[in-house]
Every structure is written in C-alpha cells, then in structure tokens.
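Reading through the structure tokens given below for one structure.
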Amino acid sequence: MTEQIAHEPLDVLRLRARRRQAGRRSFRQALMRAATGIIGEIKIASPSRGRLIDNARPPASIARAFEAAGIDAISVVTEEDFFHGNLALLSKIRRDTRLPVLRKDFLTTPYEIVQSAAHGADAVLLITAGLADDQLQPLLSEALEYDLDVVLEIHDEQELVRALTFDPSIVGVNNRNLRTFEVSLNVSKRLINRIPRHILAISESGLRSPTDVIAMKQAGARACLIGEALLGADDPRAFIAACRPAFVA
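Whatever position you read off the sequence shown (first residue = 1), add 7 for our numbering.
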C-alpha cells in the first residue's frame, strides 16, 4: 500500500476521481432495469483453478464479447497475488465497453475506494466478513462521495444482520465460504428471502449453468454474478440467452 500511495498520491487520485464522476455508470440501475440481471466476471486466475484466461485471449476482448452476448455489468477482479488482476485491466475494460464495471478485490482502506473511482470503477465490492463496523463506515462514505455503488457482500445470517445496519442498496450473497472455500447455492436460497425487497440482491459464486441462474431467481435473486462458467462457455451468447427466462417478470 505504501508503494501505491507513493506512486499515486491520494490528492492526485481525488482529482482524477472527480473528473470521472460525471461519467459514472450506475451499476445498480443497470441491473434493476435489465430483464437479465447478469454480471459477467473477468478473472485472470484463481487459487483453486489456476490460470483461467491465457495470453491468447485478451481480457478486454472477452469483456466485449460478454457485452455483445447481453450481460448487464462487468466484474473485474483486480487482486494481484492470487488472482493476477490489476487496476490497468479494470481501466482498459471500462474504456473498451459501455457497461458499468465493478471492482472486486479485498478492499480495506478509503484510499482504495478513491483509487477505484480514479481508475474508472462504477462500483466496489466490500466484504463484510473482513471489515469491522468502524472500518466499513468510512469506506461507504468515501464511495458515496464519488457516486460509486457498493456491493456489500455477506455469507451468513450474522453478516446479513450487520450489513443491514448500514442501509445498503445492494447486497451480494457469496455462496462460497471464504474460510473453507466450500460452495453451496443453498446459501443464497437461505439468505436472499431475508433481504428486504428494496435492496438489490445478487447471488455470487458457484453458478455453473443457466439452471443455476434460474434456481437463484426462484430464490429471490435480482441478479447473478457468473464467472468461470461464462469464461469457459463455448458460446457466451447462448449461455446468457438460456438464462434470460429466469429474469422475465
């Protein structure tokens, strides 16, 4: 973090974030108005699966293909050590597509929120499990300052209760236990119906097929984040088309 601050001082980032503010794309509105509610994720690698995108497939071209296939927003994993992402990747995808972009990372400081806005993010993910209440509030305030949508991520009932005290507009239910890495769609099935209807509920992780997307819609999800299944799909357009009936009112 010290190296990042030296390279990009906070006051410089604030100026860049302000300049970008007028062009912010609403992540929440894109999902709320969509018939599909699908977030496609660009993730270079994962700790469990290794490299997911090889050098022959430029990530920005994949993002454009996802956009052409009909997704409504893009998630970009920027964590460097385990997922091989970076902010330059986020910035390029934001430039090369017309969709709102979510920065997905282990964000813990207000500096990183300003950094996200300066590099073109329209929304940020905050993991409730990794942040104390006195850490969360400054991050939420900083996001509000730059018109960033916030996905407040939870995994269990206790985290949901905590998250709701912050009056979130978006809650992401992570089907993956970040301690054990076990994945179960039952997490979304159990928790989403406890989220007030005015809050946009997203089901994240473990959605491997359109059938899973349909199941999450039936559980009450307004949107789904699809990562490895979409990256591995032979025909992303057909994959997303098969998901559309799940989101028809």
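Quick reminder that beta carbons are idealized off the backbone N, C-alpha and C, glycines included.
Rounded straight-line distance, which links the Cα of residue j to that of residue i
i      : j      : result
Pro54  : Ala230 : 25 Å
Arg56  : Ala249 : 25 Å
Pro252 : Pro243 : 16 Å
Arg215 : Thr104 : 24 Å
Pro145 : Ala37  : 26 Å
Leu22  : Ala125 : 8 Å
Ile78  : Glu149 : 28 Å
Pro65  : Ala76  : 17 Å
Leu94  : Lys224 : 32 Å
Glu152 : Arg183 : 30 Å
Arg102 : Leu96  : 10 Å
Gln258 : Asp241 : In the structure displayed, the chain extends from 8 to 256; residue 258 sits before or after that span and is not available.
Ala139 : Ile206 : 22 Å
His7   : Gly239 : In the structure as shown, the chain begins at 8 and stops at 256. Residue 7 is therefore absent and cannot be evaluated.
Arg25  : Ser68  : 28 Å
Gly179 : Leu192 : 13 Å
Ala130 : Leu171 : 18 Å
Leu106 : Arg32  : 7 Å
Phe34  : Ser82  : 10 Å
Leu147 : Ala222 : 31 Å
Thr187 : Val220 : 23 Å
DSSP bridge partner residues for residue i (one or two, in chain order)
i      : result
Ala230 : Ile209
Lys111 : Val84
Arg58  : Ala52
Ala128 : Ala128 pairs with nothing; no bridge assigned.
Asn181 : Glu211
Leu133 : Leu159
Gly47  : Ile81, Ile233
Val190 : Arg183
Exposure label - residue i; buried when at least 16 CB within 10 Å
i      : result
Arg58  : exposed
Glu87  : exposed
Phe73  : buried
Pro175 : buried
Thr9   : exposed
Thr218 : exposed
Gly30  : exposed
Glu189 : exposed
Val255 : Because Val255 carries a pLDDT of 49, less than 50, the predicted location of this residue cannot be relied on, and the following value inherits that uncertainty. Answer is exposed; the Cβ neighbour count stays below 16.
His89  : For clarity, residue 89 is Phe in the given sequence; the question names His instead. Result: exposed.
Leu17  : exposed
Glu164 : exposed
Arg204 : exposed
Val19  : exposed
Nearest-angstrom beta carbon gap, residue j and residue i [assumed within contact, 8 Å]
i      : j      : result
Val157 : Ile177 : 7 Å
Arg110 : Leu132 : 7 Å
Leu155 : Ala128 : 7 Å
Val84  : Glu119 : Not quite, the Cβ-Cβ distance comes to about 14 Å (not below 8 Å), so this is no contact.
Ala70  : Ile100 : 5 Å
His91  : Ala41  : In fact, because the Cβ distance is near 29 Å, the residues do not count as touching under 8 Å.
Spatially closest choice to residue i from the options, by CA coordinates
i      : options                        : result
Lys196 : Ser68, Thr187, His162          : His162
Asn181 : Phe173, Ile209, Thr172, Asn200 : Ile209
Phe295 : Arg101, Arg183, Asn184, Glu160 : Residue 295 is absent from the model: the chain starts at 8 and stops at 256.
Leu167 : Ala63, Glu189, Val194, Leu114  : Val194
Ala228 : Glu235, Asn200, Gly92          : Asn200
Leu198 : Ala222, Ala226, Leu185         : Ala226
Arg169 : Ile202, Ile233, Gly44          : Ile202
Val108 : Arg204, Arg40, Gly234, Ile46   : Ile46
Thr116 : Gly179, Arg186, Ile12, Leu232  : Ile12
Leu185 : Leu20, Ser82, Ile221, Phe113   : Phe113
Ile233 : Arg35, Gly44, Met39, Val19     : Gly44
Arg27  : Ser98, Val220, Ser82           : Ser98
Lys50  : Ser212, Arg204, Ile221         : Ser212
Ile60  : Glu235, Leu147, Leu20          : Glu235
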